[in-house]
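Remarks on the structure that follows.
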Amino acid sequence: MEQQNQAAVLQQMKEAADYIRSHYSEQPEIGLILGSGLGVIAELVEDVVTIPYENIPHFPVSTVEGHAGELLLGTVGGRRVLLMKGRFHQYEGYGVETVSFPVRVMKELGVEKLLVTNAAGGVNMEYEPGDLMVIRDHINFTFRNPLIGPNVNELGVRFPDMSEAYSRRLREVAKSVAEEQGLQLREGVYFGLLGPSYETPAEIRMIRTLGGDAVGMSTVSEVLLARHAGIEVLGFSCISNMAAGILDQPLSHEEVIETTERVKQTFLKLILGIIPRM
Ligand code: HPA
64 MEQQNQAAVL
74 QQMKEAADYI
84 RSHYSEQPEI
94 GLILGSGLGV
104 IAELVEDVVT
114 IPYENIPHFP
124 VSTVEGHAGE
134 LLLGTVGGRR
144 VLLMKGRFHQ
154 YEGYGVETVS
164 FPVRVMKELG
174 VEKLLVTNAA
184 GGVNMEYEPG
194 DLMVIRDHIN
204 FTFRNPLIGP
214 NVNELGVRFP
224 DMSEAYSRRL
234 REVAKSVAEE
244 QGLQLREGVY
254 FGLLGPSYET
264 PAEIRMIRTL
274 GGDAVGMSTV
284 SEVLLARHAG
294 IEVLGFSCIS
304 NMAAGILDQP
314 LSHEEVIETT
324 ERVKQTFLKL
334 ILGIIPRM
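With the numbering used here applied, the sequence shown corresponds to residues 64 to 341, in that order.
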């Protein structure tokens, strides 16, 4: 039974990867999962091959949004990348394995580094909307883990180390690039929840007490799966709003979109500066 499950996961990864390879023969080196606001980077991928998610065997398909999402393969700053245009969230109803399956496929294709971004609420009182934060570490408050179940020994160990989930080396690269660009870059702990409701003020006080600097609804499961498989990770949060109860105003998705739109050129410049040095 256990053997079968492992075999099934590996088989699905291979079938998805084989399909992608039949359309793009080069080996991508860097995976990009970019959250709200950074979709524009898709336009900067050179020699691009675009594959709709729905064509890829076993790939999740977005049923919630209007369009299903696409995988882009090509180069950015001279590096071969695989970019997910459209990401899956657990609040949409997907299981934790489904949300992170694309990372498994990245591994199978030979991806060695993963760059993830998200929009997040600022919990740290020193932060301001529009700040960019390099993720030093995360706290998994989704209480779900994509690695539950028989371990896929071919990919990684049963009990993977998470003491450096977010690569120190890549964080240093990010800080250097930010400094060269004259950009203030925060560094902090990402606190991951399921959503979709935003937090209550009491929850935000708890999160601050527990050591969270920013709070959001993505990223954690993708990073767990990547680290299990030995992929080096760099993560960023765009602080799109102050978390609940800090300001005397309600939170809204409109505010999140407005802020990510406002800072997207700065964020994009940072990402484009980092990719060649990853
Ligand atoms: N909380 C959770 N997720 C978020 C927030 C927030 O305040 N802002 C953007 N994503």
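Just so you know, even glycine gets a beta-carbon here, dropped at the ideal spot from N, CA and C.
- Contact between R167 and M76 holds, since their C-beta atoms are separated by about 5 Å, short of 8 Å.
- Restricting attention to G149, N118 and L73, the CA atom closest to the CA of A105 is found in G149.
- Closest in C-alpha terms to L145, from the list G156, T282, V112 and S300, comes V112.
- Each residue's CA atom was taken as its position, placing V220 and G212 some 13 Å apart.
- One thing to note: H152 has its Cβ no nearer than 8 Å to the Cβ of V286.
- Within the same chain, and ignoring the five residues on either side of D194 in sequence, the residues whose Cβ sits closer than 6 Å to its Cβ are R249 and I302.
- In the DSSP annotation of this structure, the continuous segment of the beta strand (DSSP E) that includes L135 starts and ends at E133 to V139.
- Contact between A228 and G98 is absent: CB atoms are separated by about 18 Å, not below the 8 Å threshold.
- Assigned with DSSP and collapsed to three states, H86 falls in coil, not helix or strand.
- Relative to the non-hydrogen atoms of the ligand HPA, the Cβ of E189 never comes closer than 7 Å to any of them.
- If you compare the alpha carbons of Q74, G279 and P223 with that of A306, the shortest gap goes to G279.
- Secondary structure within the stretch 189 to 262: the beta strand (DSSP E) runs of 3 or more consecutive residues, fully enclosed, are 195 to 203 and 248 to 255 (chain order).
- C-alpha of V326 to C-alpha of I309: approximately 21 Å in a straight line.
- Annotation: E324 is outside any beta strand (DSSP E); the continuous alpha helix (DSSP H) that includes it extends over H316 to I337.
- One thing to note: I96 has its Cβ within 8 Å of the Cβ of V179.
- Taking the CA atoms as reference points, V186 sits about 25 Å from G102.
- DSSP places E295 within a strand segment (E or B) once states are collapsed to three.
- Shortest Cα-Cα distance from E235 to any of I198, N208 and G140 involves I198.
- Secondary structure of M147 (DSSP, three-state): strand.
- Of the residues assessed, L297 falls on the buried side of the cut-off, its CB having 16 or more other CB atoms within 10 angstroms.
- Sorting H121, P120 and L135 by C-alpha distance to the C-alpha of G94 places L135 at the top.
- With respect to E175, E295 sits close: the two C-beta atoms are nearer than 8 Å.
- L335 is not a Cβ neighbour of G173, given a cutoff of 8 Å.
- 8 Å or more divides the Cβ of Y157 from the Cβ of E133.
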